[in-house]
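Trainee: Structure provided below as structure tokens; questions to follow.
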Amino acid sequence: MIHSTKMFLLTLLAFASSSQTLPAAEASGSPIRALLVIGGCCHDYLHQKNLLTDGVSARANVQWRIAYDTDETGKRLNPVYRDLNWAKGYDVIVHDECSAEVKNRAEVERVLRPHREGVPAVVLHCAMHSYRTNGWQQGITPWFELTGLQTTSHGPQEPIVVTYLARQHPIIKGLKDWTTIKEEHYNNSAGKLLPSAEALADGEQTYRTRDGKKTTHRYVVAWTNLYQGKTRVFGTTLGHQNATVSAPQHLDLVARGLLWAVDKLDDEYLLPADRVLLDNSSK
Ligand SMILES: [Zn+2]
Numbered sequence: 000m001i002h003s004t005k006m007f008l009l010t011l012l013a014f015a016s017s018s019q020t021l022p023a024a025e026a027s028g029s030p031i032r033a034l035l036v037i038g039g040c041c042h043d044y045l046h047q048k049n050l051l052t053d054g055v056s057a058r059a060n061v062q063w064r065i066a067y068d069t070d071e072t073g074k075r076l077n078p079v080y081r082d083l084n085w086a087k088g089y090d091v092i093v094h095d096e097c098s099a100e101v102k103n104r105a106e107v108e109r110v111l112r113p114h115r116e117g118v119p120a121v122v123l124h125c126a127m128h129s130y131r132t133n134g135w136q137q138g139i140t141p142w143f144e145l146t147g148l149q150t151t152s153h154g155p156q157e158p159i160v161v162t163y164l165a166r167q168h169p170i171i172k173g174l175k176d177w178t179t180i181k182e183e184h185y186n187n188s189a190g191k192l193l194p195s196a197e198a199l200a201d202g203e204q205t206y207r208t209r210d211g212k213k214t215t216h217r218y219v220v221a222w223t224n225l226y227q228g229k230t231r232v233f234g235t236t237l238g239h240q241n242a243t244v245s246a247p248q249h250l251d252l253v254a255r256g257l258l259w260a261v262d263k264l265d266d267e268y269l270l271p272a273d274r275v276l277l278d279n280s281s282k
């Protein structure tokens, strides 16, 4: 009797604690299995990996393995890529690495191969400035073919006014225009996306140059790309600061973009995941 009362109390306690953390409605279908490749130069990836995965899984039935590289030089290929079959078992890869100095063609090919074979991708912020193989300042590198955007630099950190363009596109349907905090505005160095890409949002940033002149730049900040005619890619250049990464507007955009990439942008998947990490994964 004592034993069963104790069990009952334990069950009650377990229920009470889980009901505090679990969302009101949970997704019922199989979660999307996502691999987050994150790390490299110039950003607080230690915290951003959690802000991003927690934020997306609060909005969409996505569970993660996080491949976080502590190296901060941007010169090292994320160790996750050592395995030739690194993408096996995942529905989508989220590239949030900042690896500008990884320029070896064979290494870049290793990163691209699964996407060439059809594995969807989400590319975030400094991923766009990664894998700068020969000719990146003028031409279209193999990596730009995946991301869908040639971009070579950014200006000072000032707010970006985000305006959604293709309002009927499922990713941005219902999303409202917004203004970021002081952020990095990535240029569109060719003045346009690649022909395989479609713009979803423009960003406008105004600042004063050193000689006091006001200057305004308007660049695409969110888009989709169809890589090699078949692989869905969603990209946004936003997200330097932790407060931008965790902004609801940014997380809504990324969560919807990710679901679109795996062709599951619907009510069934726009529900919180019952946990953030996949089995056997850790932060
Ligand atoms: Zn940045």
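For the sequence shown, numbering that gives the first Met the number 0 assigns the number 0 to the initial residue and increments by one for each residue that follows. No residue lacks a Cβ here, since even glycine has one placed at the ideal position from N, Cα and C.
Between GLU183 and ligand 1, is there a pair consisting of the residue's CB and a ligand heavy atom that are separated by less than 7 Å?
Mentor: yes
Trainee: Can you tell me whether ASN241 is helix, strand or coil according to DSSP?
Mentor: Helix.
Trainee: Secondary structure at VAL275, three-state DSSP: helix, strand or coil?
Mentor: coil
Trainee: Between which two residues does the beta strand (DSSP E) harbouring PRO158 extend?
Mentor: 157-163
Trainee: By Cβ distance, which residues of its chain are closer than 7 Å to VAL79, with the 5 residues on each side in sequence left out?
Mentor: VAL36, ALA66, TRP85
Trainee: Any heavy atom of ligand 1 closer than 7 Å to the beta-carbon of HIS239?
Mentor: yes
Trainee: By DSSP, does ASN224 sit in helix, in strand, or in coil?
Mentor: DSSP, read as helix, strand or coil, puts ASN224 in strand.
Trainee: Quick check on ASP251: does DSSP put it in helix, strand or coil?
Mentor: helix
Trainee: For ligand 1, any of its heavy atoms closer than 7 Å to the Cβ of HIS124?
Mentor: yes
Trainee: How would you label ALA242, buried or exposed, when you count the other beta carbons within 10 angstroms and need 16 or more for buried?
Mentor: exposed
Trainee: Less than 8 Å between C-beta atoms, sequence neighbours within five positions excluded: which residues of the same chain meet that for ASN49?
Mentor: LYS282
Trainee: To the nearest angstrom, how far is the alpha carbon of PRO30 from that of GLN248?
Mentor: 22 Å
Trainee: Consult DSSP for GLN204 and reduce its assignment to one of helix, strand or coil.
Mentor: Correct three-state label for GLN204: strand.
Trainee: Can you name the start and end residues of the beta strand (DSSP E) that GLY54 belongs to?
Mentor: No beta strand (DSSP E) holds GLY54; the alpha helix (DSSP H) holding it covers 44-56.
Trainee: Do you know offhand how far LEU225's Cα is from VAL93's?
Mentor: 16 Å
Trainee: With a threshold of 8 Å on Cβ separation, who are the neighbours of MET127 within its own chain once the five nearest residues in sequence on each side are excluded?
Mentor: The residues are THR146, LEU148, THR150, TYR185, GLY234, THR236.
Trainee: Beta strand (DSSP E) containing ARG32: first to last residue?
Mentor: Segment 31-39, the beta strand (DSSP E) holding ARG32.
Trainee: Return the chain-ordered list of same chain residues with a C-beta closer than 6 Å to the C-beta of HIS57, the five sequence neighbours on each side being excluded.
Mentor: Looking at the sequence itself, residue 57 is Ala, so the reference to His does not match. PRO271, listed in sequence order.
Trainee: Do CYS40 and GLY88 have their beta-carbon atoms positioned less than 8 Å apart in this structure?
Mentor: no
Trainee: Could you check the C-alpha separation between THR162 and PRO169 for me, to the nearest Å?
Mentor: 16 Å
Trainee: Would the C-beta of HIS42 count as close to ligand 1, meaning under 7 Å from any of its heavy atoms?
Mentor: yes
Trainee: Report yes if the CB atom of PRO283 is closer than 8 Å to the CB atom of THR179, and no otherwise.
Mentor: Absent from the model: residue 283. The displayed extent of the chain is 0 to 282, so no value can be given.
Trainee: Once you ignore the five residues that flank GLY228 on each side, which residues in its own chain have a CB closer than 8 Å to its CB?
Mentor: SER195
Trainee: Would you report the Cα separation of ALA189 and GLN137, rounded to the nearest angstrom?
Mentor: 8 Å
Trainee: Assign ASP278 to buried or exposed, taking buried as 16 or more other Cβ atoms, counted over all protein chains shown, within 10 Å of its Cβ.
Mentor: exposed
Trainee: As an exercise, report each continuous alpha helix (DSSP H) stretch of at least 4 residues that is fully enclosed by the segment 46-122, in chain order.
Mentor: Listed in chain order, they are 104-115.
Trainee: For LEU257 and LYS212, I'd like the C-alpha separation in whole angstroms.
Mentor: Using only the alpha carbons, I get a separation of about 39 Å.
Trainee: With a threshold of 16 other CB atoms inside 10 Å of the CB of LEU252, please say whether the residue is buried or exposed.
Mentor: LEU252 sits buried, since 16 or more C-beta atoms from the chains shown fall within 10 Å of its C-beta.
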